[in-house]
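Just below is one structure, and these are the notes that go with it.
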Amino acid sequence: MDLSISSPFRGAFPAPTSTFILNPKSRCSHSLNFFKHRNSNSKNPLFSRQKIPIRAQVSDPAVDDGFVIDDVPHLTDFLPDLPSYPNPLQNSQAYAIVKQTFVRPEDVVAQKIVVQKDSSRGEHFRRAGPCEKVYFKSEEVRACIVTCGGLCPGINTVIREIVCGLNYMYGVDDILGIQGGYRGFYSKNTLILTPKVVNDIHKRGGTFLLTSRGGHDTQKIVDNIQDRGINQVYIIGGDGTQRGASRIYEEVEKRGLKVAVAGIPKTIDNDIAVIDKSFGFDTAVEEAQRAINAAHVEVESVENGIGIVKLMGRYSGFIAMFATLASRDVDCCLIPESPFYLEGKGGLFEFIEERLKENGHIVIVVAEGAGQEYLAQSMQGIDEKDASGNRLLLDVGLWLTQNIKDHFTKERKMAINMKYIDPTYMIRAIPSNASDNIYCTLLAQSAVHGAMAGYTGFTVGPVNSRHAYIPISHVTETQNTVKLTDRMWARLLASTNQPSFLNCDESTGGKVCKDTIDLINNMKITSI
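Counted from 1, the sequence shown has number 98 at position 81 by my numbering; the numbering is strictly sequential.
Quick look at the structure:
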């Protein structure tokens, strides 16, 4: 078996027996040293920014299984003479019993784990975790943490664990909290963060550091980072915040500053691409059960009770979908990805009337972004955006409530009892549950390990249950949305027995027609 690499550095690092391709789309500045142990004294142009694929020699040169590595940037890409140091974790009592303290340089996490015999192995990301070498001395580190965008359960846990991780694992004492989002960088709002200061903040909802939308001025932010001598920046926020983090990294690289920029993705809607899920999502689904249960109790206690619960989900219906599946009391779930209609055969009005006749009540869960095009036809649209650039949505919950009420009382002459519940801010404001607390700890510690190891311009998250470092640009390219053609949505339809609101072709046994499937697959839910 030939384990050599076909490159000028032949023999310097191991190679697999298949083809490796460094993704040319990646912001992978140090692609060429992916499998090479770093030599801090090397002045070889190994670390130059090259976007060409590298292929490992294999026994059968005809074999090409499409193994792609989407690696993250490293400080040595633009500061090649940076010295490295032994990781202090090798002397840590906490890791003394661990069989393998450090992740290997060649460890990667596969984005696609269900493959066929002859299919491409696909994209892979660098595995997250402590590295044998670090590029910061503990006493030289001045770190800062900032939270941006909307609230989400678990933010305070992430803050706490970054502070405790830096201090307990790496002996870092100089940690700043930037208050009020990106604006805080140039408004000079800071807190000194220590393990004692953040000891119990995970028990509270919201963000200990305050937050805001917008306010991103790359030049001012990097000027302030430079003036304050900050060399590690931890940015907690959604896709808009992560795009801002990417611009900060690019400006830092342009100026040649030794500053590691790490992103921790935050969105209660679970709409961040690539990663399995975002922190706070499990808590949101769990808390949504309380609202759904309340609606069910209300409508079950009256004649012809109709309960509507509006949940978060601007462009992605994951909370509504998972809350529906978890509840078993929901009769119909409406999400942004699935168009629906009210009148006519197979419409929502017909389904509601059928359920009222069968059960005497019905519970409908609707995501806030559902049916926006439908609303725009009957209401005056609002072409406005918030400070983060998100389009302001019309209130689908109130609109749906009023339309159902008008249809049954005025047209069908039926007496109904409407109950409308909007628990949005109650869900956003609670502390994270046990599952999310553990998840937030893993995210925070992975971010700390990555920054100390010199990685930058990365975000962290689980990919197929294994934490990985992902280029920030990769998670901001697209949004994660519910795929109507996947089995999870089919499971929901089977659970609620609601109509799909899609055109079916009777000649194919009730299957959705091909044109409709093509439309769904090509559908994009815009955020601007």
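The C-beta atom is built at its ideal place from N, Cα and C for all residues, glycine as well.
My output table needs one value for residue 328: the three-state DSSP class, helix, strand or coil.
strand
Runs of alpha helix (DSSP H) wholly within the segment 204 to 257 (minimum 4 residues, chain order): 235 to 245
| query | Beta-carbon separation of residue 215 and residue 173 under 9 Å? | reply | yes
On the DSSP letters alone, give me the boundaries of the beta strand (DSSP E) that residue 85 sits inside.
84 to 86
Original post:
From 444, 180, 459, 95, pick the residue whose C-alpha is nearest to that of residue 483; which is it?
Top reply: 459
* **Inter-residue spacing [alpha-carbon to alpha-carbon] between residue 20 and residue 284** => In this prediction, residue 20 has a pLDDT of 40, which is less than 50 and means its spatial position is unreliable; what the coordinates show is noted afterwards. Going from the Cα of residue 20 to the Cα of residue 284 covers about 43 Å.
Close Cβ partners of residue 313 (< 6 Å) along its chain, the five nearest in sequence each way excluded: 346, 380
| task | May I ask you to report which of helix, strand or coil DSSP gives residue 469? | result | helix
*Using alpha carbons as the reference points, say which of 390, 498, 487 lies closest to residue 556.*
Residue 556 is absent from the structure shown; the chain starts at 18 and stops at 545.
What ranges does the beta strand (DSSP E) occupy inside the segment 475 to 506, keeping only unbroken runs of at least 3 residues that lie completely in it? 475 to 480, 483 to 488
- [ ] Could you check if residue 338 is buried or exposed, using at least 16 other CB atoms within 10 Å of its CB as the buried criterion?
- [x] buried
What are the start and end residues of the beta strand (DSSP E) that includes residue 144?
139 to 144
query = Quick one: Cα of residue 46 to Cα of residue 287, how far?
reply = For residue 46, the predicted structure reports a pLDDT of 37, less than 50, and the residue's modelled location is therefore unreliable. A value from the coordinates is still provided. Between residue 46 and residue 287, the C-alpha separation is close to 29 Å.
Since residue 438 and residue 323 are thought to touch, with beta carbons under 8 Å apart, how far apart are those beta carbons, to the nearest angstrom?
That pair is no contact at about 12 Å.
Exercise. So residue 474 and residue 278 are in contact, right, with Cβ under 8 Å, and what is the actual spacing, rounded?
Worked result: 6 Å
Residue environment, residue 393, which counts as buried when at least 16 other CB atoms sit within 10 Å
exposed
So is residue 376 buried or exposed if we call it buried at 16+ other beta carbons inside 10 Å? exposed
Q.
Taking its Cβ as the centre, do 16 or more other Cβ atoms sit within 10 Å of residue 327, making it buried, or is it exposed?
A. buried
Does the segment 225 to 232 come into contact with the segment 164 to 171, if we say contact requires no fewer than three beta-carbon pairs (one atom in each stretch) closer than 8 Å? yes
Contacting residues, own chain, Cβ-Cβ under 8 Å from residue 441 (five flanking each side not counted): 327, 328, 329, 385
*Please check the pair residue 266 and residue 489, which I expect to be a contact at CB under 8 Å, by giving their CB distance rounded to whole angstroms.*
7 Å
Spatial neighbours of residue 151 in its chain, beta-carbon cut-off 8 Å, leaving aside the 5 residues before and after = 101, 102, 103, 104, 105, 187, 469, 470, 471
Q. Using a Cβ-Cβ cut-off of 7 Å (strictly less than) and excluding sequence neighbours within five positions of residue 425, which residues of its own chain qualify?
A. 431, 433
* Contact set for residue 177: own chain, Cβ-Cβ below 6 Å, skip 5 residues either direction -> 215, 218, 219
**Prompt:** Given residue 263, which residues of its chain have a CB within under 6 Å of its CB, disregarding the five upstream and five downstream residues?
**Reply:** 489, 490
* To do: Keeping to the same chain, check which residues put their C-beta closer than 7 Å to that of residue 359; ignore five residues upstream and five downstream.
  => 365, 366, 420
Quick one: grab the DSSP three-state call for residue 300.
helix
- Query: Under the three-state reduction of DSSP, which class applies to residue 58: helix, strand or coil?
  - Reply: Caution is warranted here: a pLDDT of 39 is assigned to residue 58, below 50, making its placement in the model unreliable, and the coordinate value is therefore given only provisionally. Three-state DSSP puts residue 58 in coil, outside helix and strand.
- prompt: Would you call the CB atoms of residue 183 and residue 189 closer than 9 Å?
  reply: yes
Expressed to the nearest angstrom, what Euclidean distance is found between the alpha-carbon atoms of residue 271 and residue 160?
-> 20 Å
| task | Consult DSSP for residue 454 and reduce its assignment to one of helix, strand or coil. | result | helix
> In terms of residues, what are the limits of the beta strand (DSSP E) holding residue 169?
Replying inline: That residue, residue 169, is in no beta strand (DSSP E); it is neither H nor E in DSSP.
Residue 181, DSSP secondary structure in three states:
helix
| Distance CB(residue 497)-CB(residue 170) smaller than 9 Å | no
- Local conformation of residue 282 per DSSP, three classes: strand
Between the C-alpha atoms of residue 546 and residue 415, what's the straight-line distance to the nearest angstrom? Look at the range of the chain in this structure, 18 to 545, and you will see that residue 546 is not part of it.
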